[in-house]
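If you read the protein sequences in the order shown, they are chains A and B. Taking the working numbering, the leading residue of the first sequence gets 4, the next gets one more, and so forth. Taking the working numbering, the leading residue of the second sequence gets 4, the next gets one more, and so forth. Even glycine gets a Cβ: it sits at the ideal position worked out from N, Cα and C.
Protein chains: 2
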Amino acid sequence: MLPERTSSKARRTRATIIDAALALFREKGFEETTMREVADRAGLAVGAAYYHFRTKDEILLALYEGTIDNSLERARFKSAKSADFADRVRDALDFRLAQLRPYKDFLGPLAGHALIPGSPLSPFAQETEEIRMRELALFEEIIHGSSLKVALEFKSHLPRFLWLYQMSVISFWLRDQSPSQERTERLIGLSLSLIMKLFAVTRVPVLRQANGLILALLQLAAGPDASAERRVASA
Amino acid sequence: MLPERTSSKARRTRATIIDAALALFREKGFEETTMREVADRAGLAVGAAYYHFRTKDEILLALYEGTIDNSLERARFKSAKSADFADRVRDALDFRLAQLRPYKDFLGPLAGHALIPGSPLSPFAQETEEIRMRELALFEEIIHGSSLKVALEFKSHLPRFLWLYQMSVISFWLRDQSPSQERTERLIGLSLSLIMKLFAVTRVPVLRQANGLILALLQLAAGPDASAERRVASA
DNA sequence: GCGCTATTTTGAACGCGCTCGAAACCGTCC
DNA sequence: GGACGGTTTCGAGCGCGTTCAAAATAGCGC
């Protein structure tokens, strides 16, 4: 609608606040950091911070959103290297985790809100729609240029499936305390192999009878309004 | 260790508080209910309430825990009716959801803490261990008396798998706004059919090569300490 | 410069979950 | 009965996220 919804001043101040918050979150964690502290470090009063962000959570969300941008570029770059589907997905996941690495310790709360049905931080909520769509677009691209062989009827559900898969991996990773997160590495390796095997199976004639079931499930999971999905698909 | 860790007075007061909280949560929701209100309705001061429950969340947890007891009895009763695995699981799920029904509207926050790695309300946390073990024991029973046919190597992982499955269903159900939750009904029907099909596949010789993968994944998911699992298995 | 509106900042104040030292209550042994 | 130790209750108070009316500042046409 509007060409610029925010003045450049406001944008700069937002950035200052985000920087201050990021530094503090890293130093002391999310819960332990006070909004007064964030405002202080940004050189403002609390009220000003609340003028730019409706809640403390929203700062966290802005932080998370900020990590997505270069992810897309990088994915485009990497994608050129290999046409193998599994390789491409693995690259995307590895890169995403590497990107989130610095935030690992305080990103827990975000995942925490994930399951609260009404929460604005839920990855299914309206407020996070833009982020979600950007992530879906990324997976679109990964699939698009790849040599993936899968039963046709699943093609349209793949991005959403991969997105959910990514969320699961991230959630596992956040909890993973093993040295250099080697358990997550193994999880990715194993689950990707399994997924590829299952994909192959969907094309075996004898087993195709299960496809109807799977498809129905995917549609159920997509929800009563698949509008967001369609929008992504047509972009 | 101790024969009685709490006096009968304390137990009665706890019950009063839980009753008051339940009523208020139903009237106004969890977040909207004040600890001062809970204490008021229970005829106490805030401090007293906090003597019996360390946090507001803990009341919610006690509430949830309270719904499990009769679930076990009921499951035993129902189990006698059919030996078919899918029927038994479906019965258990249906009953569990019916049980949670009255709490549906304010149980969101509980699910919300589910993913926070450090949160005491996480279903993976130490504090909820007892609840988790009771639920696992329930699934043990469901499996035990049934005519389930599955590749042997998976038997020991089944309870944990079913528990996770139940958690997923509950989380879907909490978000399900469809009339009389018919979407959840469909989800259960479809996913159970699919699970049964997959179980069957694990015994097909040609496809057994995937079993190693699945097993490794299950072990990864079980975590570095599978002690809780072993304890349940030997009980 | 001057006024005028819209944007941005301020900090006191609110209501919340939760803490804590002191008081009240209880059982029990003399 | 009284003294004493443990349990339970009390409520003022703390620090937090958040709100809001009022003040400061920016931007702009003259």
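inquiry  = Can you tell me whether B:F88 is helix, strand or coil according to DSSP?
reply    = Helix.
inquiry  = Please identify the residue among A:G148, A:E144 and A:A154 whose C-alpha is closest to the C-alpha of A:W166.
reply    = A:E144
inquiry  = Please report the straight-line C-alpha distance between A:E68 and A:T9, rounded to a whole angstrom.
reply    = 17 Å
query = When DSSP labels each residue in this structure, what does A:K152 get in the three-state scheme?
reply = Of the three classes helix, strand and coil, the one that applies to A:K152 here is coil, per DSSP.
task = Please name the residue, chosen from B:I71, B:A65 and B:T37, that lies closest to B:R137 on a Cα-to-Cα basis.
result = Closest option to B:R137, Cα to Cα, is B:I71.
ask   = Shortest alpha-carbon distance to A:G226 belongs to which of B:M38, B:A224, B:W176 and B:G192?
value = B:W176
request  = Keeping to the same chain, check which residues put their C-beta closer than 7 Å to that of A:L96; ignore five residues upstream and five downstream.
outcome  = Q169, V172 and I191
request  = Please list, in chain order, all residues of the same chain as B:S85 whose beta carbon is under 7 Å from its beta carbon, the five residues on each side excluded.
outcome  = R91
key: Contacts around B:R39, its chain only, beta-carbon distance under 7 Å, and the 5 residues preceding and following it disregarded   = The residues V49, in chain order, have a CB closer than 7 Å to that of B:R39 in the same chain once the five nearest residues on each side in sequence are set aside.
message = Under DSSP, the alpha helix (DSSP H) around B:H259 begins and ends at which residues?
response = No answer is possible for residue 259 of chain B: it lies beyond the span of chain B, which begins at 4 and ends at 238.
ask   = Would you call the region 102-111 of chain B and the region 204-213 of chain B touching, i.e. three or more CB-CB distances under 8 Å?
value = Under the Cβ criterion (8 Å, minimum of three pairs), the region 102-111 of chain B does not count as touching the region 204-213 of chain B.
Distance between B:E34 and A:A140 (C-alpha atoms, nearest Å) = 35 Å
query = Between the C-alpha atoms of B:E133 and B:I20, what's the straight-line distance to the nearest angstrom?
reply = 21 Å
inquiry  = To the nearest angstrom, how far is the alpha carbon of B:E232 from that of B:A26?
reply    = In this prediction, B:E232 scores a pLDDT of 39, lower than 50, which makes its location untrustworthy; the coordinate-derived value is nonetheless stated afterwards. Spanning the two alpha carbons is a distance of roughly 36 Å.
key: B:F157 in three-state terms, based on DSSP   = helix
query = So is B:R99 buried or exposed if we call it buried at 16+ other beta carbons inside 10 Å?
reply = buried
ask   = Using the beta-carbon of each residue, which ones in chain B are nearer than 9 Å to A:K200?
value = L210, Q212, A213 and L216
inquiry  = To be precise: take each residue of the region 184-195 of chain A, compare its Cβ to all Cβ atoms of chain B, and keep it if any distance is under 8 Å. Which residues remain?
reply    = R186, R189, L190, L193 and S194
query = What separation, rounded to the nearest whole angstrom, lies between the Cα atoms of B:R186 and B:L218?
reply = Whole-angstrom Cα-Cα distance: 31 Å.
inquiry  = Taking 7 Å as the threshold (beta carbon to beta carbon), is B:A203 in contact with chain A?
reply    = no
key: Of the listed residues B:S150, B:E61, B:D94 and B:D87, nearest to B:R77 (C-alpha basis)   = B:D94
Chain A contact residues for B:A197, given Cβ-Cβ distances below 7 Å = For clarity, residue 197 of chain B is Leu in the given sequence; the question names Ala instead. Result: A213, L216, I217 and L220.
request  = Have a look at A:V153, A:R189, A:F56 and A:A13 and flag the residue whose alpha-carbon is nearest the alpha-carbon of A:A3.
outcome  = An answer regarding residue 3 of chain A cannot be provided, because it is not within the stretch 4 to 238 covered by chain A.
request  = Would you mind sorting A:S194 into buried or exposed? The rule is 16 or more other CB atoms within 10 Å of its CB.
outcome  = buried
key: Residues near B:R17 by beta carbon distance below 6 Å, same chain, minus five either side   = H55
message = Can you confirm whether B:P120, when its beta carbon is compared against all beta carbons of chain A, has any partner nearer than 7 Å?
response = Reliability of the predicted coordinates at B:P120 is poor, the pLDDT of 49 falling under 50, and the value obtained from them is presented with this limitation in mind. Yes, B:P120 counts as interfacial toward chain A.
request  = Taking B:L141 as the query, report the chain A residues whose CB atoms sit under 9 Å from its CB, ordered along the chain.
outcome  = Correct list: empty, because the minimum Cβ distance to chain A is about 22 Å.
Buried or exposed (CB count within 10 angstroms, at least 16 for buried), A:H160 = buried
ask   = Do B:A203 and A:K200 have their C-beta atoms within less than 7 Å of each other?
value = No. Outside cutoff.
inquiry  = Rounded to whole angstroms, what is the Cα-Cα separation between B:A89 and B:S196?
reply    = 8 Å
request  = Using three-state DSSP, classify B:F33 as helix, strand or coil.
outcome  = Correct three-state label for B:F33: coil.
ask   = According to DSSP, is A:G46 helix, strand or coil?
value = coil
task = Use the C-beta contact count for A:P182: other C-beta atoms within 10 angstroms, 16 or more gives buried, fewer gives exposed.
result = exposed
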